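Engineer:
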Amino acid sequence: MAFTSRLLSKSKQLYAGQKILQQERTIPARFFSKEAASKALKGDEMLKNIFLELKNKFETAMGILRKEKITIDPDDPAAVAQYAKVMKTVREKANLFSESQRIQYTIQTRTQDIPDARTYLLTLQEIRIKRGLTDDLGAEAMMFEVLDKVEKEIKKPLMRNDKKSMGLLLSEFDKINKKLGIRKEDLPKYEEQLELKIGKAQLEELKKDAVEAMETQKKREEFKDEEMVDVKSLDIRNFL
186 MAFTSRLLSK SKQLYAGQKI LQQERTIPAR FFSKEAASKA LKGDEMLKNI
236 FLELKNKFET AMGILRKEKI TIDPDDPAAV AQYAKVMKTV REKANLFSES
286 QRIQYTIQTR TQDIPDARTY LLTLQEIRIK RGLTDDLGAE AMMFEVLDKV
336 EKEIKKPLMR NDKKSMGLLL SEFDKINKKL GIRKEDLPKY EEQLELKIGK
386 AQLEELKKDA VEAMETQKKR EEFKDEEMVD VKSLDIRNFL
């Protein structure tokens with residue numbers, strides 16, 4: 186276990202820090218919002234505030250990770266659920282976006298100045314692809330078909346400020362949702378499913394990194410007689 190402890194002690198802190206900083210990249214934007222502009226902060230003071238906020242979030246997250254047990258077993262639904270639960274606690278306590286909130290924020294910022302419905306849908310498609318999300322139900326194709334139908338009917342591109350035609354489009358979207366069994370009240374369930382999917386992917390990444398690190402260390406002369414441990418037996422809390 187000597188080499189296991191040594192190689193993982195810093196890597197887990199780095200991994201946790203990366204996840205926190207990745208989620209935090211969009212948050213400091215509020216420092217540049219209209220509300221914050223009135224404070225007229227100087228550049229160095231603004232950067233200091235951002236740094237301190239990131240530092241506090243990191244310390245909050247590490248404090249939780251030092252207490253909660255995480256089992257690196259992406260094939261165990263219980264381990265995935267526990268990991269997702271811990272990361273949700275981290276987000277809530279450190280005031281970080283969930284994945285669905287990050288997607289919503291991206292959509293809002295990317296589409297707020299788009300005037301027409303087609304560019305709006307194409308932007309949503311681009312965001313979905315970049316996020317690695319799949320459209321298993323084929324809803325996207327259906328929405329474009331409906332848009333084609335509406336634009337053919339009004340004989341011009343559909344603008345988002347055309348309330349009458351947009352109402353028609355949204356009405357058709359509601360029909361698509363009903364056909365696919367998508368209900369607004371089920372959105373929390375869909376968000377939970379997304380978080381579990383992300384949790385499983387992150388555990389797979391942790392497992393892969395841990396195995397590769399141990400295999401690399403195993404090649405060193407000082408550790409050649411030590412057996413590699415099963416990553417499932419590792420307690421991350423011991424390495425933070």
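Letter by letter, the sequence shown follows residues 186 to 425 in this note's numbering. Cβ coordinates follow ideal geometry from the N, Cα and C atoms, glycine included. Given the structure is predicted, the values throughout are model-derived calculations rather than measurements.
In its own chain, which residues sit with a C-beta less than 6 Å from the C-beta of E380, not counting the 5 before and 5 after it?
Structural biologist: Walking along the sequence shown from the start, residue 380 turns up at place 195. Excluding residues within five positions, the ones whose Cβ falls inside 6 Å are A269.
Engineer: Secondary structure at D321, three-state DSSP: helix, strand or coil?
Structural biologist: Residue 321 sits at position 136 when you count from the first residue of the sequence shown. Three-state DSSP puts D321 in coil, outside helix and strand.
Engineer: F408: which of V416, K417 and A398 sits nearest, CA to CA?
Structural biologist: Mapped onto the sequence shown, residue 408 falls at position 223. F408 has its Cα closest to that of A398, out of V416, K417 and A398.
Engineer: Could you check if R368 is buried or exposed, using at least 16 other CB atoms within 10 Å of its CB as the buried criterion?
Structural biologist: In the sequence shown, counting from the first residue as 1, residue 368 sits at position 183. By the 10 Å Cβ count, R368 comes out exposed.
Engineer: Output yes or no for whether 9 Å exceeds the beta carbon distance between R287 and T308.
Structural biologist: Here residue 287 corresponds to residue number 102 of the sequence shown, with the count starting at 1. Here residue 308 corresponds to residue number 123 of the sequence shown, with the count starting at 1. It is not a contact, given that the beta carbons lie outside the stated cut-off.
Engineer: At the level of alpha carbons, what is the spacing between D415 and M272?
Structural biologist: One-based indexing of the sequence shown puts residue 415 at position 230. One-based indexing of the sequence shown puts residue 272 at position 87. D415 and M272: Cα-Cα distance of roughly 23 Å.
Engineer: Give the list of continuous alpha helix (DSSP H) stretches no shorter than 4 residues that lie fully inside the region 271–337.
Structural biologist: 284–296 and 302–315
Engineer: Could you say if the region 230–248 and the region 333–351 meet the contact criterion of at least three C-beta pairs nearer than 8 Å?
Structural biologist: no
Engineer: Quick check on L206: does DSSP put it in helix, strand or coil?
Structural biologist: Taking the first residue of the sequence shown as 1, we reach residue 206 at position 21. Here the model assigns L206 a pLDDT of 39, short of 50, so the residue's position is not dependable, and the following value carries that caveat. In this structure, L206 counts as helix in the three-state DSSP scheme.
Engineer: Buried or exposed for I314, going by 16 or more other Cβ atoms inside 10 Å?
Structural biologist: Numbered from 1 along the sequence shown, position 129 holds the residue referred to as residue 314. The residue is exposed, with fewer than 16 neighbouring Cβ atoms inside 10 Å.
Engineer: Taking D359 as part of the alpha helix (DSSP H), name the residues at either end of that continuous run.
Structural biologist: Locating residue 359 in the sequence shown gives position 174, where the first residue counts as 1. Looking at the DSSP string, the run of the alpha helix (DSSP H) that includes D359 is K348 to L365.
Engineer: For K242 and L281, which I take to be in contact (beta-carbon distance under 8 Å), what is that distance rounded to the nearest angstrom?
Structural biologist: One-based indexing of the sequence shown puts residue 242 at position 57. One-based indexing of the sequence shown puts residue 281 at position 96. The Cβ separation is near 7 Å, so the contact holds.
Engineer: Under the rule that 16 or more other beta-carbon atoms within 10 Å means buried, what is R405, buried or exposed?
Structural biologist: As a first step, residue 405 is located in the sequence shown; it is residue number 220 there, counting from the start. R405 comes out exposed.
Engineer: Going by other Cβ atoms of all chains shown within 10 Å of its Cβ, with 16 needed for buried, is P342 buried or exposed?
Structural biologist: Locating residue 342 in the sequence shown gives position 157, where the first residue counts as 1. Exposed, by the Cβ-count rule.
Engineer: Just the Cα atoms here: how many angstroms apart are Q293 and K363?
Structural biologist: Taking the sequence shown and counting its residues from 1, one reaches residue 293 at position 108. Taking the sequence shown and counting its residues from 1, one reaches residue 363 at position 178. Taking the straight line joining both Cα atoms gives about 24 Å.
Engineer: Express the C-alpha separation of E411 and K403 in angstroms, rounding to a whole number.
Structural biologist: Position 218 of the sequence shown, counted from the start, is the residue given in the question as residue 403. Position 226 of the sequence shown, counted from the start, is the residue given in the question as residue 411. Taking C-alpha positions only, K403 is separated from E411 by approximately 7 Å.
Engineer: Which same chain residues, not among the five before or five after P259, have their C-beta less than 7 Å away from its C-beta?
Structural biologist: Locating residue 259 in the sequence shown gives position 74, where the first residue counts as 1. Beyond the five residues adjoining it in sequence on each side, P259 comes within less than 7 Å, by CB distance, of V265, K385, L388, E389 and K392 in the same chain, given in chain order.
Engineer: Sort out for me which residues DSSP pairs M344 with in a bridge.
Structural biologist: Looking up residue 344 in the sequence shown gives position 159. Under DSSP, M344 shares a beta bridge with D301.
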